[in-house]
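Colleague: Let me give you the structure first, and then I'll get to my questions.
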Ligand SMILES: Nc1ncnc2c1ncn2[C@@H]1O[C@H](COP(=O)(O)OP(=O)(O)O)[C@@H](O)[C@H]1O
Ligand SMILES: [Mg+2]
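Rendered as structure tokens:
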């Protein structure tokens, strides 16, 4: 049964007990294992964790953009506040329903790492933005063209009228990433999901795009879920951060709490893996030890096989309960659980 507790007013999105598995030839893989998160109106939630943590699966599920072999557990709840004020339980929408199509793109938009694959090579950039606008907003073709040019301009593309007539291959990687943001924003979404949108870009362009997203958020008042494997990047854009590992949330808090007082050994390891916060482009130097296969998830805390502070007989028995460190800061770790419970 989905959790029917009503979404709080501050939240645009509330995800409760989200569990997602995949049917594969090797068996059932649990990719997301009962996580909670929420996004406040006009704010940015950062989700951070190494590759394979379940960041993409958990957020693409909001738009129901998962492959056919995926299963969203019945106990999961994804409540979304529509522009109309109506609260929708996204897990209950039929895959091809009109409501889902309206929300997808029109209210929740997605940008991701490879803009080349998100554009068709045979239509101009302008054409593709106009199509997107026409699909989701009630405007004429001429108005849609004006919106498209305006958006290209706002995302920092010079000569927007000329760019409007160019094809994706004629733009540089940074320009295409900006154009993808323009497509997403021209639909005027209330939630933008940015899934590692800057990972393949060089450092200077990454910094520009992050700044641009901050500016546009202030101007347009949308909420953002920003996904990355790099805590240094997320520190620049997020109000709150969730740290994910092997389908579980291990720590959450305000950005300042996570960056300045990280309490989970995994969060601490992620932070140590960033040589300098101001060097945006660097890949994480690996945390030692291999990420276990999702087919043989460790019992207990998923991180215990790599944790420097592992307590045998405790961490490998069950998942620690949440410990509230402040009103906003929560950690899931036995080092913090009350000893005398
Ligand atoms: N189509 C799929 N079939 C089977 N397993 C999948 C599929 N997509 C994702 N997974 C599983 O879900 C896990 C989480 O994936 P993902 O959300 O893409 O991680 P992240 O975005 O954090 O790198 C992967 O490690 C993989 O085991
Ligand atoms: Mg991903």
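In our numbering, the protein residues as written are 262 to 602.
For glycine and all other residues, C-beta sits at the position ideal for the given N, C-alpha and C.
Owing to the predicted nature of the structure, the values given are computational and were not obtained by experimental measurement.
1. Name the one or two DSSP bridge partners that residue 332 has.
2. Say whether the segment 330–343 touches the segment 521–535, bearing in mind that this needs 3 or more beta-carbon pairs closer than 8 Å, one atom from each stretch.
3. Quick check on this structure: which residue in 440, 570 and 598 has the alpha carbon closest to the alpha carbon of residue 581?
4. Can you name the start and end residues of the beta strand (DSSP E) that residue 340 belongs to?
5. Say the cut is 7 Å; is the CB of residue 290 nearer than that to a heavy atom of ligand 1?
6. What residues are listed by DSSP as bridge partners for residue 356?
7. Can you tell me whether residue 568 is buried or exposed? The criterion is at least 16 other CB atoms within 10 Å of its CB, across all chains shown.
8. Regarding residue 283 and ligand 1, is the C-beta to nearest heavy atom distance less than 7 Å?
9. Alpha carbon to alpha carbon, how far is residue 559 from residue 386?
10. Nearer than 7 Å: is that true of the beta carbon of residue 319 relative to any heavy atom of ligand 2?
11. Which same chain residues end up closer than 8 Å to residue 416 when comparing Cβ atoms and leaving out the 5 residues on each side of it in sequence?
12. With a threshold of 7 Å, establish whether the CB of residue 509 neighbours any heavy atom of ligand 2.
13. Cβ of residue 456 versus every heavy atom of ligand 3: is any distance shorter than 7 Å?
14. Leaving out five residues before and five after residue 292 in sequence, what residues of the same chain have Cβ atoms less than 7 Å from its Cβ?
15. Taking the C-alpha atoms as reference points, what is the distance between residue 390 and residue 498?
16. Please state whether the Cβ-Cβ distance between residue 504 and residue 471 is less than 8 Å.
17. Skipping 5 residues on each side, what residues in its chain have a beta carbon closer than 6 Å to that of residue 366?
18. Using only CA atoms, which one of 492, 395 and 431 lies nearest to residue 381?
19. Rounded to a whole number of angstroms, what is the C-alpha to C-alpha distance between residue 272 and residue 320?
20. Mapping DSSP to helix, strand and coil, what is residue 522?
21. Have a look at the DSSP bridge pairing and note the partners of residue 583.
22. Report the option in 424, 412, 437 and 501 whose CA atom is closest to the CA atom of residue 480.
23. Where are the beta strand (DSSP E) runs, 3 residues long or more, that stay fully inside the segment 442–514, in chain order?
24. Would you kindly report the start and end of the unbroken alpha helix (DSSP H) that includes residue 410?
Modeller: According to the structure shown:
1. 282
2. no
3. 598
4. 338–342
5. yes
6. Paired residues: none, contrary to the question.
7. buried
8. yes
9. 46 Å
10. no
11. 439, 440, 442, 443, 446, 473 and 477
12. no
13. Here the bound small molecules are ligand 1 and ligand 2; ligand 3 is not part of this structure.
14. 281, 282, 283, 315, 318, 508 and 555
15. 25 Å
16. no
17. 397 and 448
18. 431
19. 16 Å
20. coil
21. 593
22. 412
23. 452–456, 484–489 and 501–506
24. 402–415
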